[in-house]
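Input: a single structure, listed below in structure tokens.
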Amino acid sequence: MKTKIVTFLALLFIVSINAQDKKWTLQECVKYALDNNISIKQSELNVAVSEENVISSKGNFLPNLNASTNGSLNFGSGFDPVSNDRVSTSTYGGSFGLSSGITVFNGYRNLNSYKQAQLGVESSKLSLQKIQDDISLYVVNTYLNVLFAKENLNVAKVQYEISKKQIELAKTQFEAGSKPKGDLLNAQSKAATDEQSVVLNENTLNIALLNLAQLLQISPANFDVENIEVGSPGVAMLYNNPNDVYKKAVVNRPEIKNAELAIESANYNIEIAKAGFLPSLSVSANASSGYGYDLKNNQFHKPFFTQMDDNFGYGLGFNLNIPIFNRGQTKSNVNRQLINYEISKFGLESKKLELEQTIQKAFYDAKAAAKTYESAEKSLLAQNEAFKNAQESFNLGAMTSFDFDQVRNRLVTAEGAIIRAKYDYVFKTKVLKFYYGEAFVD
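Heads up: the sequence shown runs through residues -19 to -1, 1 to 423, numbered per mature numbering (1 follows the signal peptide of the UniProt record, and there is no 0).
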């Protein structure tokens, strides 16, 4: 028994270690967010509600069917529920009935309501797609922020290692008498500053991981992501101008399609309101029967089924309602829906304008990011060469530690700038892909 327990605990430990070592890929992060995000789940329920609305509106074309029964007790002088003769007795009377009705015509209100409910399903699905797209893009951005923080941390660690080596060199030169103690103190101060930079960048990375974990709504404990090779992006723009992207987006984006559906739905509201001017016709049918029981003599006046047969009756009826004047309520309702229709058309134009402006901004942001990255590349190449020359001069004693630190600082700044420019450009090109309709999660 003890052996089994030890084996079980060992397996749990191994599983726990493997779970801690797991690193999430970008695809896994996006998929998990789409499967578990609360806003998405709420939107999925909205789709389900819209589908139920379709079922409900479809039911308006069918007849209803209702069953009923009632009973009554009578004491003393009263009418016999079967013979209708006045008697002095105690009786119990009851009846059963069935009724049904169907709307034959109501100004096409049911038909238009059904079509409008179908549009509601499409609209809910488009809203769901919009939320899924937005969350996917947000996850990609947050994931790239983690990678950005990791690269910055690596740069800080490299600089700290260089600083520690500079301390050793300055200490050797000071002990040999070729460098003053000030150079050693300066090297130690620089190393302390670089160590602090490592700590700050580690905290920045932890915050970036926390943001991603919170976005996925999972525990941040031991959470980490897989490194992906972003590489050096080409600075050539993917699209010639923002109109190329807008032309694709305006026919594909769910928010535009949803605004178009809103116009169709508003048009159905007009037709439904106009139904108030038209007559409506409904047909009904009913069947019923009753029985009586003499409580005083503890017997039926007639056999139960005989009473039910004798008292059976049925009927058919119709109801025709012709509107003549309803204080202008129908006309006002139609006018109100016409106004809403115009509002929905302006809503579509507003969505298109908003989309065009967003794409234009994204395009020029990406264009500026490309130029920034290109400049950062040139700057880093120059600073690398300057650093190599400065390091050789410093090692030979031809450069002071202060001047050497200035060159190093410029190199660190250039390295940080190119990392920032790279991820900025990568994300902004993904935004353009997003609006163009291409997969932005590779």
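All residues carry an ideal CB built from backbone N, CA and C; glycine is no exception. Predicted, not measured: the structure shown is a model, and the values here were computed from it.
Asked: Buried versus exposed call for Gln195 [16 or more other C-beta atoms within 10 Å across all chains shown]; Found: exposed
Asked: Assigned secondary structure, Ser225 (DSSP; H/G/I helix, E/B strand, else coil); Found: Note that residue 225 is Asp in the sequence shown, not Ser. In the structure shown, Asp225 sits in a helix (DSSP, three-state: H, G or I).
Asked: Separation of Arg401 from Lys160, as counted between CA atoms; Found: 37 Å
Asked: Separation of Ser94 from Lys348, as counted between CA atoms; Found: 48 Å
Asked: DSSP three-state assignment for residue 425, whether helix, strand or coil; Found: Look at the range of the chain in this structure, -19 to 423, and you will see that residue 425 is not part of it.
Asked: Closest by C-alpha distance to Gly52, when choosing among Gly273, Val139, Glu149, Ser263; Found: Gly273
Asked: Nearest to Pro235 (by Cα), restricted to the options Phe204, Lys333, Thr185; Found: Lys333
Asked: Nearest-angstrom Cα separation, counted from Gly101 out to Leu107; Found: 10 Å
Asked: Close-in-space but distant-in-sequence residues of the same chain around Tyr404 (CB under 6 Å, 5 per side omitted); Found: Leu125, Phe129
Asked: Where the alpha helix (DSSP H) through Ser49 begins and ends; Found: It is not in any alpha helix (DSSP H) - Ser49 instead sits in the beta strand (DSSP E) that spans 45 to 55.
Asked: Best match in Lys131, Asn91, Leu118, Gly309 for proximity to Lys12 [C-alpha to C-alpha]; Found: Leu118
Asked: Reference Asn122, options Phe408, Ser360, Gln288, closest by Cα; Found: Phe408
Asked: At least 3 beta-carbon pairs within less than 8 Å: the segment 248 to 264 vs the segment 279 to 296; Found: no
Asked: Beta carbon of Tyr406 nearer than 7 Å to that of Ala350; Found: yes
Asked: C-beta contact flag for Asn341 and Pro223 at 7 Å; Found: In the sequence as displayed, the identity of residue 341 is Gln instead of Asn. Yes. Within cutoff.
Asked: Length of the line joining the Cα atoms of Ile(-6) and Glu33; Found: Per-residue confidence for Ile(-6) stands at a pLDDT of 40, beneath the threshold of 50, marking its modelled position as unreliable; no derived number is given.
Asked: Where Ser71 falls: helix, strand or coil (DSSP); Found: coil
Asked: First through last residue of the alpha helix (DSSP H) which encompasses Val315; Found: 310 to 376
Asked: Those residues which DSSP pairs with Ser261 across a bridge; Found: Asn302
Asked: heavy atom of the ligand FAD below 6 Å from Ala266 C-beta; Found: Among the ligands in the structure shown, none appear at all, so the ligand FAD cannot be discussed.
Asked: Pair within 7 Å by beta-carbon distance, Ser76 and Ser269; Found: yes
Asked: Asn233 beta carbon less than 7 Å from that of Ser105; Found: no
Asked: Neighbour-count burial assignment, Lys369, 16 or more Cβ in a 10 Å radius; Found: exposed
Asked: DSSP-derived helix/strand/coil call for Leu(-9); Found: Any answer about Leu(-9) is weak, because its pLDDT of 44 lies below 50 and its placement is not dependable; what the coordinates show is given next. DSSP places Leu(-9) in helix when its eight states are reduced to three.
Asked: At least three beta-carbon pairs within less than 8 Å, the segment 308 to 325 to the segment 382 to 394; Found: no
Asked: Residues of its chain near Ile209, where Cβ-Cβ distance is below 8 Å and the 5 sequence neighbours each way are ignored; Found: Thr6, Leu7, Leu128
Asked: Cβ neighbour criterion (16 or more within 10 Å) applied to Ile19; Found: exposed
Asked: Residue interval of the alpha helix (DSSP H) (run including Gly397); Found: 382 to 417
Asked: For Lys255 and Lys312, the rounded distance between their alpha carbons; Found: 8 Å
Asked: Test item: CB-CB of Tyr249 and Lys96 under 7 Å; Found: yes
Asked: Other residues of its chain near Lys138: CB distance less than 7 Å, five sequence neighbours each side excluded; Found: Val179
Asked: Cβ-based burial, Asn133 [other Cβ within 10 Å; buried from 16]; Found: buried
Asked: Asp175, enclosing alpha helix (DSSP H) - first and last residue; Found: 162 to 197
Asked: Of the residues Leu79, Ile303, Tyr73, the one placed nearest Asn87, counting alpha carbons only; Found: Ile303
Asked: Cβ-based burial, Gln364 [other Cβ within 10 Å; buried from 16]; Found: buried
Asked: Beta-carbon gap between Ser24 and Ile112 smaller than 7 Å; Found: yes
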